[in-house]
Structures are given as structure tokens and as C-alpha cells.
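Protein sequence lines correspond, in order, to chains A and B.
When we follow the numbering used here, the leftmost residue of the first sequence carries the number 1, and every step to the right adds one.
When we follow the numbering used here, the leftmost residue of the second sequence carries the number 1, and every step to the right adds one.
Here a beta-carbon is modelled for each residue, glycine too, at the ideal position from N, C-alpha and C.
Following: one structure in C-alpha cells, then a few remarks.
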Amino acid sequence: MEWISLKYVKRNLLTSGLLLIIILIGFGVRYDQYATVPFPGDSRDEYSNTWVGMSLLQTGMPVGFSGIDGYENQKWAYINVDNVYQTIDNGTPFAINWPWFDHPPLTGLVTGGYATLLGIKQFDQTAIYIIRRPMVVLGTLSIFLVFIYGSMLYGKRVGLLASTFYAVSPLVVVGSRMIQAENLLIPIMLTGLISLVAFEKSHKEHWLWIGAIMIALGLLVKLSGIGFFLAGIILLLSNHSMDWRERVRHLIIYVPVGISGFILFVMYGFVIDWNQFLRTLASNSGRIYGIGPEALSDMILRSKVTNTRTLTDGWVLAGWLSFAGLFQQLERHRYILVPVLCYILTLLFFGSHPFGWYRFPLWPLFMIGIAYWVERTWFDWKNGWGLFISFVTLGLLLRKVIGINNFQSFVSLWKLLVLPLFGLFLLPLWSKHLSTTWMNRLMRVALTLTVIGCIVLSIRYTNSLTAETWYFSN
Amino acid sequence: MKATLKYVSMYYVLLVLIATGLLVSLKRHSQSFNVDSIQNAITPSKRMKVSDPCQYQVLGDPASTEWIKVWIYCSSDKKAVTTIDARVFEEQEITPRLVLEKAAELNHFELSVQDGQITGMGELVNNSTVRWDCDFGQGNEDIQSIDLPIEKIPLSIKCTYGMD
Numbered sequence: 001m002e003w004i005s006l007k008y009v010k011r012n013l014l015t016s017g018l019l020l021i022i023i024l025i026g027f028g029v030r031y032d033q034y035a036t037v038p039f040p041g042d043s044r045d046e047y048s049n050t051w052v053g054m055s056l057l058q059t060g061m062p063v064g065f066s067g068i069d070g071y072e073n074q075k076w077a078y079i080n081v082d083n084v085y086q087t088i089d090n091g092t093p094f095a096i097n098w099p100w101f102d103h104p105p106l107t108g109l110v111t112g113g114y115a116t117l118l119g120i121k122q123f124d125q126t127a128i129y130i131i132r133r134p135m136v137v138l139g140t141l142s143i144f145l146v147f148i149y150g151s152m153l154y155g156k157r158v159g160l161l162a163s164t165f166y167a168v169s170p171l172v173v174v175g176s177r178m179i180q181a182e183n184l185l186i187p188i189m190l191t192g193l194i195s196l197v198a199f200e201k202s203h204k205e206h207w208l209w210i211g212a213i214m215i216a217l218g219l220l221v222k223l224s225g226i227g228f229f230l231a232g233i234i235l236l237l238s239n240h241s242m243d244w245r246e247r248v249r250h251l252i253i254y255v256p257v258g259i260s261g262f263i264l265f266v267m268y269g270f271v272i273d274w275n276q277f278l279r280t281l282a283s284n285s286g287r288i289y290g291i292g293p294e295a296l297s298d299m300i301l302r303s304k305v306t307n308t309r310t311l312t313d314g315w316v317l318a319g320w321l322s323f324a325g326l327f328q329q330l331e332r333h334r335y336i337l338v339p340v341l342c343y344i345l346t347l348l349f350f351g352s353h354p355f356g357w358y359r360f361p362l363w364p365l366f367m368i369g370i371a372y373w374v375e376r377t378w379f380d381w382k383n384g385w386g387l388f389i390s391f392v393t394l395g396l397l398l399r400k401v402i403g404i405n406n407f408q409s410f411v412s413l414w415k416l417l418v419l420p421l422f423g424l425f426l427l428p429l430w431s432k433h434l435s436t437t438w439m440n441r442l443m444r445v446a447l448t449l450t451v452i453g454c455i456v457l458s459i460r461y462t463n464s465l466t467a468e469t470w471y472f473s474n
Numbered sequence: 001m002k003a004t005l006k007y008v009s010m011y012y013v014l015l016v017l018i019a020t021g022l023l024v025s026l027k028r029h030s031q032s033f034n035v036d037s038i039q040n041a042i043t044p045s046k047r048m049k050v051s052d053p054c055q056y057q058v059l060g061d062p063a064s065t066e067w068i069k070v071w072i073y074c075s076s077d078k079k080a081v082t083t084i085d086a087r088v089f090e091e092q093e094i095t096p097r098l099v100l101e102k103a104a105e106l107n108h109f110e111l112s113v114q115d116g117q118i119t120g121m122g123e124l125v126n127n128s129t130v131r132w133d134c135d136f137g138q139g140n141e142d143i144q145s146i147d148l149p150i151e152k153i154p155l156s157i158k159c160t161y162g163m164d
């Protein structure tokens with residue numbers, strides 16, 4: 001783990017400087033309009049998560065809004081925070097339940113803890129511009145962790161590219177502002193995975209312990225973190241640099257430590273109200289399978305932010321394409337593929353509604369996937385996949401930023417661009433007759449222009465998302 | 001292998017000790033909790049009141065069959081509609097006063113009542129020429145006293161500020 005040492009910064013001034021710029025840009029785009037996009041009230045969970053943490057700290061009882069049945073204590077109340085009833089809400093009061101056990105309490109403790117530190121006591125004072133601040137910080141931290149994870153897996157070029165994509169992707173930016181458990185799960189999950197890679201590379205057992213403790217923490221954020229727990233088991237079992245005896249020994253550490261997060265959650269339920277805890281757990285497991293059998297295609301085709309609001313983002317589609325590309329070498333890319341597959345499996349298993357935030361933990365892994373392909377194309381012009389998926393992103397972003405009517409003036413230029421670009425994809429068929437040096441140069445120029453175009457357009461698109469454009473966008 | 005098991009056991013011992021400490025203090029902390037704590041948390045905080053009772057309205061209808069629609073006509077061309085979900089009232093009997101107070105609270109205006117009659121909403125107060133007059137909407141049945149219980153829900157309450 002040389003990445004976070006001062007020595008590394010000194011030895012890699014350029015990388016460190018670039019990373020700092022990426023982080024600052026990422027923070028800037030997250031902070032700008034953070035209190036208006038997504039619109040306050042787009043997801044009532046944002047408030048509820050905070051209320052749970054606040055009430056837990058202030059009264060020892062988790063109190064929040066729940067959409068599920070099985071609560072004995074319920075009170076209907078109009079909590080007109082951010083004037084939600086005068087803006088987008090449909091006039092339905094909040095169903096306040098206690099003790100609230102929909103999810104483990106860690107996310108609420110972060111935002112509710114922040115609100116409590118500011119002296120907030122009443123629920124209607126938890127304005128979005130206050131409670132989203134910790135999420136902006138967590139989102140920025142995740143950019144740094146994406147760099148570390150990407151660098152450890154594929155080198156610092158991929159790390160830098162992945163963190164850039166993660167910093168500017170409009171859907172990632174907008175999503176990361178929300179007070180959803182997934183936004184805390186992401187940095188915890190990334191730290192856990194980073195530790196597991198560090199363990200595989202160094203064979204130092206303390207990394208395994210840190211990884212397992214992070215997974216345990218993830219389970220205290222949301223039970224869907226079980227996907228990453230499962231991924232850890234598979235990653236440790238598929239570590240062919242160690243013999244089976246060693247792998248089993250590692251599991252003896254990893255499994256009980258990792259699962260301890262869930263045990264803590266159960267103990268928490270036992271201490272507060274065991275019967276209610278069991279009822280909520282049963283009710284949660286019996287929730288409607290609203291994602292339906294089309295869940296996977298919905299995930300790929302629709303870039304959702306909430307259940308109803310979508311934000312078309314080429315980066316996410318490119319992420320799925322990069323994932324498909326990595327699939328060809330499961331073992332080589334197992335640190336991306338296994339967590340993605342296990343997390344999707346968890347989503348398919350748990351079901352519920354197709355909320356956009358359920359997918360957020362996939363994005364950092366996808367951005368590393370895109371960065372990997374871009375780098376591959378940079379060094380091997382015959383592999384045009386990196387350029388192809390960047391081009392997909394570019395097209396979608398152009399459509400969003402320029403609009404179809406304004407784009408008509410650029411159609412000729414666009415057609416002129418498309419022709420040589422697709423030529424580049426097909427030319428490897430005659431690679432024997434072509435100069436590798438020149439083709440590499442050509443590919444690099446095309447790739448650089450496309451990727452820079454994607455980054456610039458992403459920032460422009462995100463900046464254009466104001467309260468007004470967001471309100472009328474869906 | 002023995003050493004591994006020893007470390008894992010130590011982890012669990014430490015975890016149980018920390019968790020017990022945390023959870024015991026949580027249990028003790030939660031013993032002071034009662035329904036009043038929730039009431040305090042959900043009670044609206046003090047906000048600046050608006051002078052115009054028609055400045056805000058609550059858009060849309062709640063996902064409930066038990067609702068009361070409040071129509072406030074501030075003038076011939078200015079009205080505000082607010083639908084109140086009856087589930088928010090814990091009282092045995094729902095009165096027009098409770099409903100109007102809830103509408104006033106949600107829309108940030110001051111409601112004044114005297115002898116079972118509305119005397120003012122925001123800066124629109126009764127005087128010798130204009131006053132507030134409320135009825136039950138469809139049938140135009142006048143509300144005799146805003147403290148008398150409402151018999152049937154859903155219903156509408158219509159309040160008009162105008163000439164007597």
C-alpha cells in the first residue's frame with residue numbers, strides 16, 4: 001500500500017498532482033447544485049435515513065419513515081422539510097415508525113450525527129443543503145479510492161483514468177449526492193476490496209483482517225453488502241497463489257469477522273425490540289419483487305437515479321460494455337468481475353423495487369473497467385474496444401449537451417468523424433501491411449480526442465443540471 | 001491453524017465486549033424515550049409566517065381514501081387548495097378547526113379563531129366590510145362552528161374571504 005504514503009507522493013509528483021486535480025474537479029461538480037439536484041424530496045429516504053440517526057443518538061430509539069408493513073408503532077405526520085409539500089410531494093404524510101429496522105443504522109448515524117452536531121433536533125430542520133454535505137465528502141473520498149483500487153489492479157494510468165471517469169460521470173455525480181446507504185457502502189466496499197488485493201499481493205495477514213472488518217462495516221450500512229462479503233469469499237478461494245489449506249485458513253478469519261457486522265445488527269435489534277426486529281426482517285424479505293424478471297435489462301438500459309427519475313449517461317452504458325469485455329478473462333479480471341457479479345446476484349435475490357441507487361456500487365467498478373479498455377487500446381491499436389466504448393459515451397453526451405436540433409449543424413462533421421473511426425476498428429484485418437507505429441499514433445489521437453471530449457462534455461452536462469432543468473427533465 | 005482460531009476468538013471477545021458496552025448504554029439511553037420524544041421531533045419548527053394565505057398550497061392528493069380538501073379563496077381570482085390526509089389526526093373527533101390549523105401550519109400562515117369562527121388568515125382579517133365565511137363545499141352547508149366534529153370523510157371545506 002505505497003499509494004497513500006508521503007514517499008509515493010514525492011516519487012510520483014505528476015500522478016499525485018493529477019490525482020489532486022481530479023479530486024478537486026470531482027468535489028467541485030459534486031458540490032455545485034448539491035442541494036437542488038436531485039430535487040429535495042425526490043427520495044424521502046434521504047430524510048428518513050437522517051432522522052433515524054438523529055433519533056438514535058438523541059433518544060436512543062431509531063425513528064424513521066418506512067414504506068414497509070409490519071410496524072406496530074406508526075404515526076402519520078406532515079413534516080414539511082424543504083417545503084416538500086409545496087414543491088414535488090403528492091400530499092401524503094410521512095408514516096413515522098419506531099423502532100425503525102428497515103436497514104442497519106450506520107448511514108443514518110453519519111448524516112444524523114452531522115445534523116446532531118449542528119444542534120438540529122426537529123425533523124423539519126433537516127434541510128437537504130445541510131444533510132447532503134457528508135455525502136459530497138464521501139463521494140469525493142470514493143474518487144480517491146477508485147484511483148487506488150484501479151492502480152493496484154492495472155497500474156496508475158488506469159487508476160487515474162478510472163478516477164477521472166468516476167469524478168465526472170453525470171449519473172455518478174448526481175447519485176453520489178444522495179443520502180442513500182449505497183453511497184456509504186461504496187467507500188467501505190472499495191476499502192475492503194483494496195485490502196483484499198493488498199493481502200493477495202503482500203501475503204500480510206493484517207490486510208485480510210482490515211478487508212474482513214470493512215466487509216463487516218458494509219453489512220452495518222446495508223444488508224445488500226452481503227454481495228461483497230460473498231465476493232470476498234470467492235476471491236479468497238480463487239487465489240491460486242496459495243494452496244487450499246492456506247485458503248481455508250484465510251476463510252476461517254474472513255467469514256466470522258465479515259459476518260460479525262450482521263451479528264452486531266441482530267444484537268442491536270435484540271436490545272431495542274426483538275419482536276419488532278423480527279417482524280421488520282420478515283416484512284422486508286416478503287417485499288414485492290418489483291424489479292421483475294427484466295431486472296438485468298432494466299439495469300443495463302435505464303440509467304436510473306431514483307425509481308422514476310432517469311439520467312441517461314453514456315458512462316454507465318460504457319461500463320456495462322467494458323464489463324462484457326472483461327468477461328472474456330474471468331480469472332484475470334476477477335477483482336472487478338466477482339464483486340460485480342456477486343452484487344448483481346444480491347440485487348436479483350433481494351428483489352424489491354428497481355430504485356436507481358441500488359446500482360450505485362457497480363459504477364466505481366465499471367469506471368475501472370472502462371479505464372482498463374482505454375489503456376489497452378492506447379497500447380494496442382488492434383484492440384479498438386476502448387475507443388468504441390468511449391465513442392458510445394461521447395455520442396450520448398453530445399446528444400445531451402447539444403440537443404438534437406442544434407446537432408443538425410454538425411451532422412457533416414460527425415459523418416466525417418465516424419468514417420475514419422470505424423475504419424480504425426476494421427483496419428486490424430490488414431495489420432500485417434500497416435505500420436504499427438503510425439497506426440498506434442492514429443489510434444492514440446482518436447482515443448485522446450474522444451476521451452477528452454467525453455470528460456469535457458460530462459462536466460458541461462453536469463453543470464447544466466440545475467433545479468429547473470432537473471424538474472422538467474423527466 | 002490454532003493461532004488463527006485464537007485470533008478470531010480474540011476478535012469476537014473484543015467485539016462482544018465493545019458491542020455489549022455500546023448496546024447497554026443504548027438500552028439505558030432508550031429508556032428515557034417515549035412518544036413525547038417523537039412528538040417533539042415532528043413538531044414543526046418556528047418559521048416565518050407569510051401574510052398571504054393563498055401563497056402556498058399542497059399539491060397533489062395523498063395516497064389515502066380519507067382526506068379533507070381545503071379550498072381557500074383569498075379573492076375572486078386567487079385561491080389555494082390543500083388536501084389533508086385524515087390519518088394525521090389522532091384526536092377522536094376531527095373538527096374543521098383541526099383541519100384548518102393543519103392547512104395553516106403546512107402553508108405557513110397564521111390562523112385566528114374566535115368563538116368558533118375564523119377571524120383571520122394571514123393578513124386577511126375580518127372587518128366591517130369583509131370577513132371569512134366557511135362551508136362544507138359541495139352542498140354549501142355553512143359551518144356553524146369550526147369546533148363541531150366532522151361527521152363524514154372525505155369532504156371539502158371551502159373558506160372565502162369576501163363581502164358578508
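- Residue-level contact by beta carbon holds for A/A77 and chain B, with a gap shorter than 9 Å.
- According to the DSSP assignment, B/Y73 belongs to the beta strand (DSSP E) that extends over 67 to 75.
- Distances from the CA of A/S297 to each of A/G28, A/R359, A/G325 were compared; the closest alpha carbon is that of A/R359.
- Under a criterion of Cβ atoms nearer than 9 Å, the residues of chain B adjacent to A/K121 are, in order, N40, A41, S45.
- For A/M61, the nearest CB of chain B lies under 9 Å from its own CB, placing it at the interface with that chain.
- Residue contact check for B/L23 against chain A: a CB pair falls below 9 Å.
- Per the coordinates, the alpha-carbon of A/E375 lies some 43 Å from the alpha-carbon of A/G53.
- For A/W357, there is no enclosing beta strand (DSSP E), as DSSP gives it neither H nor E.
- Per the C-alpha coordinates, the member of B/E141, B/G21, B/W71, B/L5 positioned closest to B/L100 is B/W71.
- If you look at B/M121, you'll find it isn't in any alpha helix (DSSP H); it sits in the beta strand (DSSP E) that goes 117 to 121.
- Collapsing the DSSP output to three states places A/A127 in coil.
- DSSP, read as helix, strand or coil, puts A/Y149 in helix.
- Taking A/I259 as the centre and dropping the five residues before and after it, the same chain places the C-beta of A216, L219, F229 closer than 8 Å to its C-beta, in chain order.
- The Cβ of B/A104 sits no closer than 9 Å to any Cβ of chain A.
- Rounded to the nearest whole angstrom, the CA to CA distance from A/Q33 to A/A467 is 8 Å.
- Contacts with chain A at 9 Å (Cβ-Cβ) include B/G60.
- Under a criterion of Cβ atoms nearer than 7 Å, no residue of chain A is adjacent to B/T95; the nearest Cβ is some 17 Å distant.
- DSSP assignment within the stretch 37 to 112 of chain A yields the following whole alpha helix (DSSP H) runs of 4 residues or more, N-terminal first: 45 to 59.
- Under a criterion of Cβ atoms nearer than 9 Å, the residues of chain B adjacent to A/R249 are, in order, M1, T4.
- Residue burial annotation: A/F327 is exposed, with fewer than 16 other C-beta atoms found within 10 angstroms of its C-beta.
- The C-beta of B/V13 has fewer than 16 other C-beta atoms within 10 Å across all chains shown, which makes the residue exposed.
- Pairing A/N307 with A/H353 gives a Cβ-Cβ distance under 9 Å.
- Between A/R30 and A/T164, the beta carbon gap of about 14 Å keeps them out of contact (Cβ cut-off 8 Å).
- Interface residue (Cβ-Cβ distance to chain B less than 9 Å): A/D89 is classified as such.
- Positions of the alpha helix (DSSP H) runs, each at least 4 residues long and wholly inside the stretch 6 to 83 of chain B, are given as 35 to 42 in order along the chain.
- Restricted to the stretch 383 to 452 of chain A, the alpha helix (DSSP H) segments that are unbroken, complete and at least 4 residues in length are 385 to 402, 404 to 407, 411 to 426, listed in chain order.
- Look at A/P38: its C-beta is not under 9 Å from any C-beta on chain B.
- Burial state of A/S195 is buried, judged by a 10 Å Cβ sphere holding 16 or more other Cβ atoms.
- Identification of chain B residues near A/S55 by a Cβ-Cβ cut-off of 9 Å yields F33, S37, I38, A41, ordered along the chain.
- By the criterion of a C-beta distance shorter than 6 Å, A/I234 is surrounded in its chain by V338, once the five residues flanking it on both sides are discounted.
- A contact between stretches requires three or more CB pairs, one per stretch, nearer than 8 Å, and the stretch 75 to 91 of chain A meets this requirement with the stretch 47 to 60 of chain B.
- In the DSSP assignment, A/I179 is bridged to no other residue.
- Using beta-carbon distances, A/Y85 counts as an interface residue toward chain B, with a partner under 9 Å.
- In the displayed model, A/T377 falls within a helix according to three-state DSSP.
- Contacts with chain B (Cβ-Cβ distance below 7 Å) from the stretch 260 to 293 of chain A involve S260, L264, M267, Y268, V271, I272, listed in chain order.
- Residue A/H203 holds the alpha-carbon nearest to the alpha-carbon of A/R249 among A/H203, A/G225, A/M267.
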